[in-house]
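Under our numbering, the first residue of the sequence shown carries the number 1, and numbering increases by one thereafter. Glycine residues also receive a C-beta, built at the ideal position from the N, C-alpha and C atoms.
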Amino acid sequence: MVKFIGTIGLALTVLMPFTLRADENRIDRIRPDAPLLAPYGTYPVGVRSLKVANPGQVDVVKIEPGKEPPRYDRPLQLEVWYPTDNADGGGAYNVLLRDGKTEVSIGGRAKRDAEPRKANGETFPLIIISHGYPGNRFLMSPLAENLASKGYVVASIDHTDSTYDDMGAFGSTLVNRPLDQRFVLEEIARLSTDKSSFLSGLVDVTNTGLIGYSMGGYGAVVTAGAGVSEKAVSADWSAKERALAVHQAGSKEHQELFDPRFKAIIAIAPWGMQRGMWDDKGLSEIKVPIFFMAGSADDVSDYQKGIRKIFEGKMPVDRYLLTFADANHNAAATMPAPAESWAMNETLGFAPFEHYADPVWDTVRMNNIAQHFATAWFDLKLKKDETKSRYLDLVEQSDEGVWAANKDGSLKPEHTYWTGFANRTAKGLRLEHRKPD
Numbered sequence: 001m002v003k004f005i006g007t008i009g010l011a012l013t014v015l016m017p018f019t020l021r022a023d024e025n026r027i028d029r030i031r032p033d034a035p036l037l038a039p040y041g042t043y044p045v046g047v048r049s050l051k052v053a054n055p056g057q058v059d060v061v062k063i064e065p066g067k068e069p070p071r072y073d074r075p076l077q078l079e080v081w082y083p084t085d086n087a088d089g090g091g092a093y094n095v096l097l098r099d100g101k102t103e104v105s106i107g108g109r110a111k112r113d114a115e116p117r118k119a120n121g122e123t124f125p126l127i128i129i130s131h132g133y134p135g136n137r138f139l140m141s142p143l144a145e146n147l148a149s150k151g152y153v154v155a156s157i158d159h160t161d162s163t164y165d166d167m168g169a170f171g172s173t174l175v176n177r178p179l180d181q182r183f184v185l186e187e188i189a190r191l192s193t194d195k196s197s198f199l200s201g202l203v204d205v206t207n208t209g210l211i212g213y214s215m216g217g218y219g220a221v222v223t224a225g226a227g228v229s230e231k232a233v234s235a236d237w238s239a240k241e242r243a244l245a246v247h248q249a250g251s252k253e254h255q256e257l258f259d260p261r262f263k264a265i266i267a268i269a270p271w272g273m274q275r276g277m278w279d280d281k282g283l284s285e286i287k288v289p290i291f292f293m294a295g296s297a298d299d300v301s302d303y304q305k306g307i308r309k310i311f312e313g314k315m316p317v318d319r320y321l322l323t324f325a326d327a328n329h330n331a332a333a334t335m336p337a338p339a340e341s342w343a344m345n346e347t348l349g350f351a352p353f354e355h356y357a358d359p360v361w362d363t364v365r366m367n368n369i370a371q372h373f374a375t376a377w378f379d380l381k382l383k384k385d386e387t388k389s390r391y392l393d394l395v396e397q398s399d400e401g402v403w404a405a406n407k408d409g410s411l412k413p414e415h416t417y418w419t420g421f422a423n424r425t426a427k428g429l430r431l432e433h434r435k436p437d
């Protein structure tokens with residue numbers, strides 16, 4: 001039985017009136033050169049916080065050799081964005097920086113505790129967001145708010161043992177990422193039928209998307225069906241006492257994890273392949289279409305030996321890989337670095353800025369490109385909007401696209417420029433497509 005703890009209003013997540021700093025640390029910026037699908041949609045956005053708990057889970061952090069694994073009700077905190085009719089939105093989220101101590105304000109468009117839009121039985125597909133190690137539920141808030149404004153309910157997870165102020169053993173992240181993702185789907189589905197919940201009658205959980213970044217991307221690949229290898233289960237960096245075997249390819253437990261309500265996934269810089277997380281058998285079990293995003297200079301998940309190797313593996317699903325030339329591990333996913341993160345941090349020994357920023361690409365630019373392609377991908381896969389396929393049917397290298405237009409603005413037959421990008425703006429990008437093997 002699922003345990004629901006309730007709606008919360010903690011000081012760390014309350015939307016406050018704008019301050020100068022929050023107004024500076026915006027998560028909703030859309031550049032003038034943003035691609036066509038990047039701007040916010042037509043729905044005003046509401047946001048609420050939830051605490052939930054997954055009962056009877058193995059406490060991976062406390063596993064001891066030769067003893068029965070201890071169990072606990074695993075707590076998770078969620079931030080849920082959703083369409084509303086209340087246009088009087090806007091506020092600031094008070095969140096923690098990478099050091100887990102420094103609280104800063106970031107400005108967004110969502111209105112705290114606004115009444116959800118419930119018109120004529122309209123429901124909205126669910127998108128679940130899963131951060132990296134470490135991270136928090138606000139790390140990808142530019143994507144969350146943006147997608148909610150386009151008719152999605154977006155639930156972003158604070159993964160226990162994996163947040164800035166709660167970094168437990170790495171093995172817990174390996175075991176729990178896919179379990180957390182599946183549980184949040186189950187919990188949102190339950191709440192969508194609970195008349196006392198603000199989510200009642202709001203969510204179409206039969207069409208659910210998942211966005212995972214780094215370790216969240218690892219979890220997303222497992223959730224898509226890819227069971228992990230024996231090498232990963234037995235590695236010295238893995239979970240103690242072979243606890244990761246619950247996700248091993250071919251195992252009964254892993255087969256039972258799969259939920260067909262997941263219809264589309266975005267995996268940003270997924271970690272693991274470079275360490276042998278999956279073999280051919282594992283990748284062949286993937287059942288959900290995946291849109292990968294990554295930087296070609298990623299030295300954390302390893303672009304060539306990790307991310308590309310997953311994409312190029314044989315799997316029976318449609319998949320894409322969007323590459324940001326010369327970007328590192330922070331490509332596409334993270335919110336812009338708050339102004340306070342620029343200073344050297346004594347706790348970390350470095351400026352938290354580098355946790356959010358990229359040395360080559362502007363973060364807002366990458367956010368806008370990610371918003372554009374996420375909109376196309378999820379509209380196509382979750383809303384069955386076939387008109388969005390044209391934003392994915394592109395020449396592979398953006399720099400090779402040809403802009404050819406008549407004086408009246410109509411396009412010539414030789415026009416091959418990336419659809420949705422204004423002239424001279426599709427640069428430094430590559431979009432590859434592989435059909436099911």
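DSSP beta-bridge partners of residue i
i: G91; result: G108
i: N207; result: Looking at the DSSP assignment, N207 forms no beta bridge with any residue, so it has no partner.
i: L411; result: A405
i: V45; result: P83
i: L202; result: In the DSSP output, where bridge partners are listed per residue, L202 has none listed.
i: E103; result: L96
i: V58; result: R71
i: D166; result: T163
Enclosing beta strand (DSSP E) for residue i [first to last residue]
i: H433; result: 429 to 434
i: G295; result: 290 to 295
i: L126; result: 124 to 130
i: A155; result: 153 to 158
C-beta contact flag for residue i and residue j at 8 Å
i: S341; j: A327; result: no
i: L50; j: P338; result: no
i: R137; j: Q77; result: yes
i: L185; j: R261; result: yes
i: I290; j: A267; result: yes
i: E145; j: R109; result: yes
i: L199; j: L210; result: no
i: S105; j: G171; result: no
i: D73; j: A92; result: no
i: W278; j: S229; result: yes
i: F124; j: V153; result: yes
i: L126; j: T208; result: yes
i: K333; j: M140; result: For the sequence presented, residue 333 should be read as Ala rather than Lys. Cβ distance < 8 Å, so A333 and M140 count as in contact.
i: I129; j: S156; result: yes
i: V402; j: T416; result: yes
i: K305; j: L283; result: no
DSSP state of residue i mapped onto helix, strand, coil
i: K195; result: coil
i: Y320; result: strand
i: P116; result: strand
i: I27; result: coil
i: L15; result: With a pLDDT of 43 at L15, under the threshold of 50, the predicted position of this residue should be treated as unreliable, though the coordinate-derived value follows. Residue state, collapsed to three classes: coil.
i: E396; result: coil
i: V175; result: helix
i: I268; result: strand
i: V184; result: helix
i: P277; result: Residue identity differs from the one stated: residue 277 is Met in this sequence, not Pro. M277: coil per DSSP, three-state reduction.
i: S133; result: The identity of residue 133 in the sequence shown is Tyr, whereas the question assumes Ser. Correct three-state label for Y133: coil.
i: R71; result: strand
i: V300; result: coil
i: Y417; result: coil
i: M1; result: Note that M1 scores 37 on pLDDT, short of 50, meaning its location in the model is unreliable; the coordinates nonetheless yield the value given after this. In this structure, M1 counts as coil in the three-state DSSP scheme.
i: A189; result: helix
i: A34; result: coil
i: A22; result: helix
i: K287; result: coil
Endpoints, the alpha helix (DSSP H) within which residue i is located
i: L257; result: 252 to 257
i: I310; result: 308 to 312
i: K281; result: 280 to 283
i: S141; result: 141 to 148
TODO: Run through the segment 322 to 392 for me and flag every whole alpha helix (DSSP H) of 4 or more residues, listed as ranges in chain order.
DONE: 353 to 356, 363 to 382
Open item on the list: Could you tell me which whole alpha helix (DSSP H) segments of length 4 or greater appear in the segment 212 to 265?
Closed with: 215 to 223, 230 to 234, 252 to 257
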